[in-house]
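Quick notes on the structure that follows.
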Amino acid sequence: MTLFALILALVLEQARPLPDDNPAHAALRAWAAAARRWLDAGQWQHGWLAWALAVLLPTVLALLIYGLLNWVHGLLGFAWAALVLYLTLGFRQFSHHFTSIRVALESGDEAAARAELARWQGVEVAELPQQELLRHVIEHSVLAAHRHVFGVMVAFVVFAAMGLGPAGAVLYRMALHVARHWSVRTAVEVEDTSASAARRGWRVVDYVPVRATALAFAVVGNFEEALANWRQEGSLTKGNDGLLLAASAGAMNVRLGSGPPLGEPLYSPELGWSESDARVPQLAHLATMVGLVWRGVLLWLLLLALALLARAW
46 MTLFALILAL VLEQARPLPD DNPAHAALRA WAAAARRWLD AGQWQHGWLA WALAVLLPTV
106 LALLIYGLLN WVHGLLGFAW AALVLYLTLG FRQFSHHFTS IRVALESGDE AAARAELARW
166 QGVEVAELPQ QELLRHVIEH SVLAAHRHVF GVMVAFVVFA AMGLGPAGAV LYRMALHVAR
226 HWSVRTAVEV EDTSASAARR GWRVVDYVPV RATALAFAVV GNFEEALANW RQEGSLTKGN
286 DGLLLAASAG AMNVRLGSGP PLGEPLYSPE LGWSESDARV PQLAHLATMV GLVWRGVLLW
346 LLLLALALLA RAW
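Using the numbering used here, the letters of the sequence shown correspond one by one to residues 46 to 358.
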């Protein structure tokens, strides 16, 4: 049922993508905000309690509903798993930004591409050189593909293999949401306890999925370069994002980097990008990234299909 639930959710998400203001996501956002407001009283244990209530309670609720429906009839449990995946998977939640930027660049309208990237990430990119613009588009798209697609798939499959239905998908997306929206600092520049708990919790939840995504990209891309980057660059960076970008850069044979934030160039201000460097981000790398993502999705579906056949035999 895991494979068919994934396929059904992917097809539904492509045919009828959810709007950003859909009721399900709005309700979960409101719940997370309420949990933080109610329980974060300034102590570290309060931050973790708020995180647990915001993230784990919806996860347990999704599991209980799955168990009840699956007990009534297996098809009801399957329908619930597919519905939860439809609500948590998100190809179309980021792909329209990427598509608009790619179309603008291919048509020569670089100003429109810069404006779309600024709207997507909420930062000023007007002064970025074109190679830096392309680098940031690729980086943000790789991270978005992982967080909205591959990470959800991996969490769902792992939990489903343990008989926990779609609970993993809910856990992953709720942990991502609170990590993204609780990263607020106080007036004295000290991170509050709920934001710290959200950041640490997200690092733990994403530990296995991000490595599974990096491995998938390595398999469907330039395997040797991806593993070399993983060992050399990923080990030097702090956080899961750096590891994923290192492996992705090797898989696509392009220069990426998670160190400088958006707006700070990867290249030297004195030397710029080396024109002889074949790994300088080019417009063609956008198409390479799209192919990498879709091959990664097909790889996961193929592995699940093989597991299904092996289990049937």
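A virtual CB, placed ideally from N, CA and C, is assigned to each residue, including glycine. The structure displayed is predicted, hence computed values, not measured ones.
Checklist entry - Which same chain residues, not among the five before or five after A371, have their C-beta less than 8 Å away from its C-beta? => result Any question about residue 371 goes unanswered here, given that the chain covers just 46 to 358.
Checklist entry - Measuring CB to CB, does A205 end up less than 8 Å from F139? => result Contact flag unset, no.
Next on the checklist: Give me the residue from L301, T133 and V342 with the minimum Cα distance to T258.
Outcome noted: The shortest Cα separation from T258 among L301, T133 and V342 belongs to V342.
Checklist entry - What do you get for F359, buried or exposed, if any count of 16 or more other CB atoms within 10 angstroms of its CB means buried? => result Because the chain spans 46 through 358 in this model, residue 359 falls outside it and cannot be assessed.
Next on the checklist: Between the alpha carbons of R244 and W96, how many angstroms are there, rounded?
Outcome noted: R244 and W96 have their alpha carbons spaced roughly 10 Å apart.
Next on the checklist: Let me check understanding here. Comparing Cα to Cα, which of A261, W89 and A127 lies closest to A107?
Outcome noted: Check the Cα spacing between A107 and each of A261, W89 and A127: the tightest is with A127.
Checklist entry - Leaving out five residues before and five after L353 in sequence, what residues of the same chain have Cβ atoms less than 6 Å from its Cβ? => result The beta carbon of L353 sits closer than 6 Å to the beta carbons of L48 from its chain, once the five residues preceding and following it are set aside; these are given in chain order.
Checklist entry - Within 10 angstroms of its Cβ, does V233 collect 16 or more other Cβ (buried), or is it exposed? => result With a pLDDT of 41 at V233, under the threshold of 50, the modelled position of that residue is not reliable, and the figure given next carries that caveat. Under this definition V233 is an exposed residue.
Item to check | When G213, A214, L63 and S241 are compared against H226, the one with the closest alpha-carbon | outcome: The shortest C-alpha separation from H226 is found at S241.
Checklist entry - In angstroms, rounded to a whole number, what distance separates the CA positions of G87 and L98? => result One C-alpha to the other measures close to 16 Å.
Next on the checklist: On a Cα-Cα basis, can you pick out the residue from S186, P254, A332 and H222 that is closest to R137?
Outcome noted: Ranking S186, P254, A332 and H222 by Cα distance to R137 puts S186 first.
Checklist entry - Relative to the ligand GDP, is the shortest distance from any of its heavy atoms to the C-beta of A220 smaller than 7 Å? => result Although the ligand GDP was asked about, the structure shown includes no ligands whatsoever.
Checklist entry - Going along the chain, which residues of its own chain have a beta-carbon closer than 8 Å to the beta-carbon of N267, five neighbours each way excluded? => result For N267, same chain residues with a beta-carbon under 8 Å away, outside a window of 5 residues either side, are G295, A296, M297 and N298 in chain order.
Next on the checklist: Taking 7 Å as the limit between beta carbons, can you name the residues of its chain near A387, skipping five residues before and five after?
Outcome noted: Absent from the structure is residue 387, since the part of the chain shown begins at 46 and ends at 358.
Item to check | Pair within 8 Å by beta-carbon distance, L301 and L288 | outcome: Judged by beta-carbon spacing, L288 lies beyond the 8 Å limit of L301, meaning their Cβ atoms are not closer than that value.
Next on the checklist: If I follow the unbroken alpha helix (DSSP H) through R256, where does it start and stop?
Outcome noted: From DSSP, the alpha helix (DSSP H) with R256 extends over Y252 to V265.
Item to check | 7 Å CB neighbourhood of D251 in its chain, flanking five on each side removed | outcome: Counting only Cβ-Cβ distances below 7 Å, and skipping sequence neighbours, we find G196 and N285.
Checklist entry - What first and last residue would you give for the alpha helix (DSSP H) that runs through A77? => result For A77, the uninterrupted alpha helix (DSSP H) segment begins and ends at P68 to L84.
Item to check | Local conformation of V249 per DSSP, three classes | outcome: V249: helix per DSSP, three-state reduction.
Checklist entry - How is the alpha helix (DSSP H) around A171 delimited, first residue to last? => result Where A171 is concerned, there is no enclosing alpha helix (DSSP H), because DSSP gives it neither an H nor an E.
Item to check | Exposure of S239, with buried meaning 16 or more beta-carbon neighbours within 10 Å | outcome: The residue in question, S239, is buried, as its Cβ has 16 or more Cβ neighbours within 10 Å.
Next on the checklist: Here's a check: name, in chain order, each residue in its chain whose Cβ is nearer than 7 Å to the Cβ of W345, leaving out the five neighbours to either side.
Outcome noted: So the list reads M198 and A261, once near-sequence residues are dropped.
Checklist entry - Are the Cβ atoms of L216 and T104 separated by less than 8 Å? => result Cβ distance < 8 Å, so L216 and T104 count as in contact.
Checklist entry - Three-state secondary structure (DSSP) at Q327? => result Correct three-state label for Q327: coil.
Checklist entry - Taking the C-alpha atoms as reference points, what is the distance between M207 and F201? => result It is roughly 10 Å from the alpha-carbon of M207 to the alpha-carbon of F201.
Next on the checklist: If distances are taken between C-alpha atoms only, which option among R74, V194 and S228 comes closest to G135?
Outcome noted: Taking the Cα of G135 as reference, the smallest distance to any Cα among R74, V194 and S228 is reached at V194.
Checklist entry - Any idea what DSSP makes of F195, helix, strand or coil? => result Helix at F195.
Checklist entry - Once you ignore the five residues that flank L114 on each side, which residues in its own chain have a CB closer than 8 Å to its CB? => result When the five nearest sequence neighbours on each side are left out, the beta carbons in the same chain lying within less than 8 Å of the beta carbon of L114 are those of L121, G122, A124 and W125, in order along the chain.
Checklist entry - D237 by DSSP, collapsed to three states: which one? => result Note: D237 maps to coil in three-state DSSP.
Next on the checklist: For H141 and G153, I'd like the C-alpha separation in whole angstroms.
Outcome noted: When rounded, the separation of the alpha-carbon atoms in H141 and G153 is 18 Å.
Next on the checklist: If you measure between the beta carbons of A330 and I146, is that distance less than 8 Å?
Outcome noted: Before going on, a small fix: residue 330 reads as His here, not Ala. For H330 and I146, no; Cβs fall outside 8 Å.
Checklist entry - DSSP on G208, reduced to helix/strand/coil? => result Under the three-state reduction of DSSP, G208 is assigned to coil, being neither helix nor strand.
Item to check | Among L179, E58, A214 and V129, the one whose alpha carbon lies nearest that of R324 | outcome: Nearest option by C-alpha distance: L179.
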